[in-house]
Structures are given as structure tokens and as C-alpha cells.
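Trainee: One structure, pasted below without further comment.
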Amino acid sequence: MKRFALGAVSALVLAATGALAADYPAKEIQGIIQWGAGGSTDTVMRSVTPHAEEILGGTVVMQNMTGGVGAIALNYVADQSADGYTLLMGAENPLLYKVMGLGKKDYSDFVPVNVLARGTPILVASPNAPFDDYAGMMAYIKEHPGEVRFGATGPGGLPSVVTAMIETIEGDLDVISVPYDGDGPALTALQGGAIDVMPAVLGAAIEGIRAGNMKPLALFDVAKSDKLPEAPAVTDFNAAYNDYLPWGPFFGVFVAKDTPADVVEKLAGAYAEAATNPEFVELMNNRGFTMMNIAGAEAESFLSTWQQNTTWLLQDAGLTKTSPEEFGIARPGK
Amino acid sequence: MGAFHDFFQVILNPELFLLVGLGTFAGVYIGAIPGLSVTMAVSILISFTFSWDVLPAISLMIGIYMGGVYGGSRTAILLNIPGAPSAIATAMDGYPMAQRGEAGTAIGVTTVMSFFGGFIGIGVLALAAPLVSDFALKFQPRDYMLLAVLGILLVGSLSSGSLVKGIFSGALGIGIGAVGMDPLTFTERFTFDIPLLTQGISFIAVMIGMFGVSEALLQLHNIDLPAVRQKIDRIVPSFNTIKKHLPLSLQTSTIGVIIGALPGTGGDIAALMAYDHAKRVTKNPERKFGDGAIEGLVAPETANNAAVGGAFIPMMTLGIPGDAVTAIMIGALYIHGLNPGPMLMIDQPHMFWFIVGTLVAANFFMLLFGLTGIKLFTKIVEIPRAFLIPLIMMLSIVGAYAVNNSINDVYWMLGFGVFGYFMRHYGYPLGPVILGVILSRLLDDNWRRAIISEREDLGRFFGGLFSSPLSTVLFVAVVLIFVSQTPLWTKGKEMIFGRSNRSAS
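Going down the list, the protein sequences come from chains V and D. Using the numbering used here, the first residue of the first sequence is number 1, and each one after it goes up by one. Using the numbering used here, the first residue of the second sequence is number 1001, and each one after it goes up by one.
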């Protein structure tokens, strides 16, 4: 009897693994989106995944799981079995969890299926601000210390990284930093005049700039964007930015680390093809995102470089809770 | 001419027309189930309608939105469980009416008034959108804070009985809202190093527990009492009833549109503020508020449906969402290749008129689906308690679980249900708790933003307060309402009136 049970169990296990490798996906795949409905991550994932579904020949049921700056979704997916039936659809934030004290896990506990695209930061000002470009802003801040209001979204958010970058290069800024829930509410406040300057992602600001409701001070990239040629690159004002740029938030699809290699390969293939869909590419282009569409070793190295650069930048600006060194994140070699 | 065509497009195209109807119908029932929210339904629809054209997708979403905002009132009236936060105020007078056997009348008034409020909202959207959105942008963190303070003063009108107990309830609500990771600094507050608490306490779980479960527990006291027979002779309110409440409904609709148009506030706060306003301006209600006053239904229902049109105002003119649902719709427009933002009205003017037209159609469908099937629904209240109580419990558990698919939320919900039962037992009102939770973040975040913006200098803060006309008006309103709730006011009134009487004689 015992032997029979043992045999049955091992047969089951064999059958299960066999099924996994050959006809994945055999059931619905769950896609956990780290951020709320309507946000950038949500929009990107909901527009690329249907194309990937078609290629995979399965369904991906997407669900928003918010909270803890995305850590709740990340921990949830990490706790599911590593069989490729639970995908994490996330942004850059997890790479900062460890140093910010937000969690013990990050993307090193996952395998990247695809890093889809990255965003470009841009510094925008309210139309009534008494300066028109980056140089003017810096001069104004020097003359009027403690007057200019910068929007922020909490430590680890894009504005905090951009501000840390400016402070590393230009020295400490004497400005007021006003915290908001996200770049959407902060850009609304900018248009109402509650704050003067906001570091935001290009896609979120582009329509407001076109309408003249906010003005671009500098694009945080090494060259101008063809989406917004009137915005000068910040490297034109100060070449020191070349050391840190290009930098930006990104979006990616991940699975838990021990997922079978052939499943990862199948998923990666589907998302790589989906990311070349002309409709998706056009959507990303319209929103001012730069397509990356990388996977495997290339994505791994992108993620580790990103983490090194950003965590040390925040560490040097005194924004971290624990030094990156504690987690074995080496200082970027210069 | 183009605008005209775009406006009627939804009616002339049978497919779109059907989708709006289908959406509204689904919305009414999704809205009625606590925990199933319009926000959730619309975000699921984004994936579902991915391959569709933009117009059918938007038609369906708008239908669900309009129906869902209205649907929350159903369970509020019949079971005292608001289907959505914006129906909390509706439960306060709607449920007492159902207990008197007037559920049919209550649903009828609610439906017609929701329809009316919906129209005011759409009208303002169609005619004055740029004006209202300019006004909404003027609200600074300081003004949002004052608005929240104004909201907190509603505690007085939400607590029948002891004001002290009401204040305690309100403070408890604000405390509950503050638990968890602070979104501005990511600092943990009131978490006591318990991982469960870092996520905060789901507001919907608190609401469902306090209203649903505590109601079920309370019903256990009189389980053998026969259920109330419902009179269903009059469902559609008479023209006279509507005419009588026209001035009030115009005022509360205006409150709804403005609160709805503000990017930081939505239908829940609008409904509560409107309820408070009604209580203030209604001199001689036929029945006391909280006992089943018609005015207590008219005000929140006009306001929360007017807030729908209001929420579209910043979305259409600036690409800024007026609430959570319009935030998702903006995402949907992106996915469908449009670029919602301040240029949408210039690049795609037809989209604006199409949305206005769809809202109008959805509003009519809401009236239709709202007024049919009432007889069947009122039967719910006539179910013997031995069946009704388990039904309420099941609905509460499913609802609490559905919000985040989290079993922890169910435990929170049950915990707050038992706690709410004891609160009610000892005469602590539950309305202020929910009010506190809703306003907690608005008050806290904006107070901090306001004072940080002034370099943490109280003098500069008050300087700013009086240099902006908007802030000054709000501040004066706060002071007046506060004083009017203290004995000082009645004394002062006596003195002034006493003197004027003498001088007249």
C-alpha cells in the first residue's frame, strides 16, 4: 500500500513537471500589477499583455495589488510557487526596497522576463515661475534661498533621485520639498501654483507642456527628445550629468527565481514579440517612453547597474536607511 | 453641427446605445454589492475591452460608472449596508424608511433624485467645464485642509444623541485612517512593528463591518419579530414632492459638482457634505433627520450623482482625474491611442461631446433600471430574519474579501463588525467613524503640505490664509459652522434678536 502511494505520488510529480515543460500554459496565468489602476505601470502592462497572450495561446488575468510602494505585490508573487503561473508586473522601485527599509526582497529574487521600456525624467515648472530654464532656476534658487517649492513623492521616488542627482552635482539646494502621493497629484498642484518645480517623467508632463500649462526647464537625458524638441537636455547646462545619465524609471515583467528555464524562455519569447507590436510601440512612443525590450543576461546586468547607480546616489544624498554596502551592492566603479 | 452629431452619436448607434444600457444595468448591481466597486469593475473592463474600438469601450465604462454610483443606495436603504462609501449618508435616513415599510418610496425618491443630480452634473460639464476646472485648480493644500476641517465639523450632524460620543467616534476614525505606512514619507505610523498593520486598515472593510456585520448582530436581538410589511403603493414620487425639494436639490447638486470636480475629493465626501447642508437648511422636516427624512435622501443622492459629471470636468479639460474611476478612464483613453490632457478638447473635440452624450444616455438608463424591479427588491426586507441575517453576513464577507482578495480584510471586517455592534449598543454613532476614516488622509496630508510649503512657519501660514480669498472664505465658513454648534451662538442670537425686537417696538 505504502509503495503504491509512493508510486502514485512520484508519478503525479512526474506528470506535473512533464506538463509544465511541454504545454505551458496549461491554465490561467495570474499577472500581479504592482501599482494602482490607471497609473503608468498599469497602462503599460494592460496594453502589452493582450499581445503576449495571443502569442502564448493562454490567458493572463491581470490584477492590481497596491500598497507598501509595491512591496505587497512583490512579496505575494515571491511567495507563490515558481511555476510561471504568477507574473510580477512592476516598475523600478523594488531595487530600492532594501536600502530604503521597505522590504527584504527585490528583483534579485526574480528572473526578468522582459524589461520593456524606460521613462525619461524632465524638470518642469509652473508657467508663472520666474525662470524659464535650468540655468535660470539654479540662479534664482541661489538668489532666493528657501523660496522655491519642489514637488516630491517620498524617498526613493523619481523626484527624490533627480533631486539627489542635482544636489550631488550642483551642491545642496535650499528649496522647500513638498510631498505628494504621486507625480499625478503633484503635477496638478504645479498647475494650480501650489509648487513651482517638479521632477516628473516625460510622459506624464508632455500634454501639459504642449498646452502651455507647465514649462520644461530641462530634460534629464544626454540628448533632446524628438517628442519634445523645445526642452533642452540638462547635459547642455552642466556636462557633469553625463556620469549619471541616461537614468530613468522602467517597467518589467518578472517571475520567481526558481521558475523552470523553459517556461521563462517561453514567456520571454512571448513578451519580446509582443513588445514589437506596432500598436504598443506607438502607444509607448506617444507617452514618451523609450522602448528597451531586453531579457536574460542583458536585463540582469541592466538591473544590477541601475541598482548600483541609484542606491549609491541616494546613499550619498543621505536618503537611505541602510547603506547599499550591507546588501553587497558595490559602489559603481568610476 | 459637429458637436450636435457627436452628442447624439450614442443614441443613433444601436450598438453603443445597447452597451451603455448594459453597462448601467451591470453598474446598478455591482454598485449595490458592498466591496464590488465601480473602480474595480472599470479596471477589469480595460483588459476586457482592449481589442475594441474606443467608443464602445468608453460607452460601457460610463454606463457602469453612472449605474454604480446610484446602485450603492440600494443595499443602504434595504439592509443598512452602503454598497459604496458614497451611499453612507443615504443609509442614515433610507434604512429607517425601509423599517417603516416605505422602502419602495425611499428607492423611488433616491432614483429620481439621482437622475436629477446626474443631470445637473452633466449640464455643468457640458456648459461650464473650463470655468469649473480653473476654479478647482485654485484649491491649494491649505484649502483642501480647510475643506477637511469643514467635513469634520459634520460630526455634529452625523451623531444623533451625545455630541461627545460623536466626537470620540470621529477621532477614532481619523486614528484608523492614519494606521500604516505614511504615503508621504513612508514612515510607519501606529503599526507597533506588526507587519499586518504596515499595509494600513482597509477603509471598505471598516465600512462593511461597522454597517453590515453590526447590523446583523443587532438584528439578532429581535430575531422572532415579524419582518416589516412593505407598502408599495407609491414608488415614483409625486410631482409636488419633487417641486418641494427642488431648491434643496439644486443646492446639494452644486455641492456635488464642485466636490466632484476637485481632484482630491469625490462622491463620498460630496454626499456627506450635502447631507449636512440639508440638515442645516431644512427648517421643519416632516420627520426628524435619522428617522427617515426625505431630505436626508434627496441631499446625498443628488450630490453623489452630480459628482459624476463633476469628476469628468478636470479629466476632459486637463487630463487630471476627478476621482479613482476617471483616473482609470484616462488610462483607458491612453491605451486606445488618445492622449488625454489639456489638448484633448482641442485635438479631439468630438470625444468631449460623445462623452457628454453617453452620460446623458446612461442617466436615462439609470432612471429606467432604478424604477423597475423595485417591488421585487423590497421583498428583501420582508425576508424572515433567520434568512436575512446569514445573507447579510455572507454579503459582508464576500464584499470585504473582494476589495483586495485578502483574507486579512475579512478579519478586519469581522473585528470592526463586533466592535461596531458594541459601539451602537452603548450609543456611539458609527457615521462619524467612517467620516473620520474618509477625511483622515485629506486632513493629514494637506495640513502637512500646507505647513511645509510655508517653511513650517505658522505666521506665514496664517498670512497665506488671509491673502487668498478662497482660503479666507473657507476659513470663515469653518469658524461660523463651529461657533453655530456651541452654546455661544444661541446666546449671541438671543442678544441680537432681543435687542432688535426692542428697537422695533
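Virtual Cβ for every residue (Gly too), placed ideally from N, Cα, C. In this text the structure is predicted, and so the values were computed from the model without any measurement.
So the alpha helix (DSSP H) Phe1004 (chain D) belongs to, where does it begin and stop?
Mentor: Its alpha helix (DSSP H) spans residues Gly1002 to Leu1012.
Trainee: For Lys215 (chain V), write down the residues that DSSP places opposite it in a beta bridge.
Mentor: Per DSSP, V:Ala125.
Trainee: Taking the alpha helix (DSSP H) that Ser301 (chain V) falls in, what are its first and last residues?
Mentor: Here the alpha helix (DSSP H) through Ser301 (chain V) covers Gly296 to Asp316.
Trainee: What does Leu102 (chain V) touch in chain D if you count any residue whose Cβ is under 8 Å from its own?
Mentor: Going along chain D in sequence order, the residues near Leu102 (chain V) (Cβ under 8 Å) are Phe1186.
Trainee: Can you give the beta carbon distance from Ser1396 (chain D) to Pro1034 (chain D), rounded, assuming they're within the 8 Å contact cut?
Mentor: At roughly 7 Å, the Cβ-Cβ gap stays under 8 Å, so Ser1396 (chain D) and Pro1034 (chain D) are in contact.
Trainee: At the level of alpha carbons, what is the spacing between Ala1026 (chain D) and Asp196 (chain V)?
Mentor: Answer to the nearest angstrom: the Cα atoms are 44 Å apart.
Trainee: List the residues of chain V that Ser1157 (chain D) touches, going by C-beta distances under 8 Å, in chain order.
Mentor: What Ser1157 (chain D) touches in chain V: nothing, since even the nearest Cβ is about 29 Å away.
Trainee: Quick one: what does DSSP say Glu1286 (chain D) is sitting in, helix, strand or coil?
Mentor: Correct three-state label for Glu1286 (chain D): coil.
Trainee: Please classify Ala1504 (chain D): does DSSP put it in a helix, a strand, or coil?
Mentor: Only weak support exists for where Ala1504 (chain D) lies, its pLDDT of 42 falling under 50; the coordinates are left without a value.
Trainee: What would DSSP say about Phe250 (chain V), mapped onto helix, strand or coil?
Mentor: Phe250 (chain V): strand per DSSP, three-state reduction.
Trainee: Within the continuous alpha helix (DSSP H) that includes Phe1135 (chain D), where are the two ends?
Mentor: Ala1103 to Leu1137 is the extent of the alpha helix (DSSP H) around Phe1135 (chain D).
Trainee: My assumption, with CB atoms under 8 Å, is that Leu337 (chain V) sits in contact with Ala82 (chain V). Please give the rounded CB distance.
Mentor: As displayed, chain V neither begins before 1 nor continues past 334, which places residue 337 (chain V) out of reach and without an answer.
Trainee: Do Glu1382 (chain D) and Ala1205 (chain D) have their beta-carbon atoms positioned less than 8 Å apart in this structure?
Mentor: Not in contact: Ala1205 (chain D) and Glu1382 (chain D) (Cβ atoms no closer than 8 Å).
Trainee: For Ile1174 (chain D), count neighbouring Cβ atoms within 10 angstroms of its own Cβ and tell me buried if that reaches 16, exposed if not.
Mentor: Buried is the call here.
Trainee: Would you say Thr1198 (chain D) lies against chain V (beta-carbon separation less than 8 Å)?
Mentor: Yes, contact with chain V.
Trainee: Looking only at its own chain, which residues have a Cβ that is under 8 Å from the Cβ of Ser225 (chain V), when we skip the five neighbours before and after it?
Mentor: Around Ser225 (chain V): Thr120, Leu202, Leu219, Ala231 and Gly288.
Trainee: Could you tell me whether any Cβ in chain V is nearer than 8 Å to the Cβ of Ala1504 (chain D)?
Mentor: For Ala1504 (chain D), the pLDDT reaches just 42, beneath the cut-off of 50, and the residue's location in the model is therefore unreliable, although a value from the coordinates is still provided. No, Ala1504 (chain D) lies away from the interface with chain V (no Cβ there is under 8 Å from its Cβ).
Trainee: Just the Cα atoms here: how many angstroms apart are Gln315 (chain V) and His144 (chain V)?
Mentor: Cα to Cα, the separation comes out at about 28 Å.
Trainee: Could you tell me which residues DSSP pairs with Gln63 (chain V) in its beta bridges?
Mentor: Partner(s): V:Ile32.
Trainee: I'd like to know whether the C-beta of Ile72 (chain V) is nearer than 8 Å to at least one C-beta of chain D.
Mentor: Cβ-Cβ to chain D under 8 Å: yes for Ile72 (chain V).
Trainee: Between which two residues does the alpha helix (DSSP H) containing Ala78 (chain V) stretch?
Mentor: Taken as a continuous stretch (DSSP letters only), the alpha helix (DSSP H) holding Ala78 (chain V) covers Ala71 to Asp79.
Trainee: Under 8 Å, Cβ to Cβ, is there at least one residue of chain D near Glu207 (chain V)?
Mentor: It does: the Cβ of Glu207 (chain V) has a partner Cβ on chain D nearer than 8 Å.
Trainee: Distance cutoff 8 Å, beta carbons only. Does Pro1263 (chain D) sit that close to anything in chain V?
Mentor: Closer than 8 Å: yes.
Trainee: How about Gly154 (chain V) and Pro1183 (chain D): are their beta carbons less than 8 Å apart?
Mentor: Yes, the Cβ-Cβ distance between Gly154 (chain V) and Pro1183 (chain D) is below 8 Å.
Trainee: So is Arg1455 (chain D) in contact with chain V if we call contact Cβ pairs under 8 Å?
Mentor: It does; some Cβ of chain V falls within 8 Å.
Trainee: In chain D, which residues lie with their C-beta within 9 Å of the C-beta of Gln191 (chain V)?
Mentor: The contacting residues are Leu1137, Leu1318, Ile1320 and Pro1342.
Trainee: Helix, strand or coil for Arg331 (chain V), going by three-state DSSP, please let me know.
Mentor: In the structure shown, Arg331 (chain V) sits in coil (DSSP, three-state: anything other than H, G, I, E or B).
Trainee: According to DSSP, simplified to helix, strand and coil, what is Ser1202 (chain D)?
Mentor: In this structure, Ser1202 (chain D) counts as coil in the three-state DSSP scheme.
Trainee: Distance, Cα to Cα, Phe1475 (chain D) vs Ile1481 (chain D)?
Mentor: One C-alpha to the other measures close to 10 Å.
Trainee: Using beta-carbon positions only, say whether Ile1313 (chain D) and Ala1098 (chain D) come within less than 8 Å of one another.
Mentor: It is not a contact, given that the beta carbons lie outside the stated cut-off.
Trainee: Which bits of chain D does Arg287 (chain V) rub up against, with CB to CB less than 7 Å?
Mentor: Chain D residues near Arg287 (chain V): Tyr1334.
Trainee: Return the Cβ separation of Ser1133 (chain D) and Ala1261 (chain D) in integer angstroms, given the expectation that the two are a contact with Cβ distance under 8 Å.
Mentor: Rounded, the Cβ-Cβ distance is 7 Å, consistent with contact.
Trainee: Using a Cβ-Cβ cut-off of less than 9 Å, give me the residues of the segment 58-70 of chain V that come near chain D, in sequence order.
Mentor: If the cut-off is 9 Å between Cβ atoms, the segment 58-70 of chain V has Val60, Val61, Met62, Gln63, Asn64, Met65, Thr66, Gly67, Gly68 and Val69 near chain D.
Trainee: Using C-beta distances below 6 Å, list every residue in its chain close to Pro1014 (chain D), excluding the 5 sequence neighbours before and after it, in chain order.
Mentor: Cβ within range, chain order: n/a, list empty.
Trainee: Would you report the Cα separation of Thr1191 (chain D) and Tyr24 (chain V), rounded to the nearest angstrom?
Mentor: About 42 Å.
Trainee: With three or more beta-carbon pairs closer than 8 Å as the criterion, would you say the segment 64-71 of chain V touches the segment 91-98 of chain V?
Mentor: Short answer: they touch.
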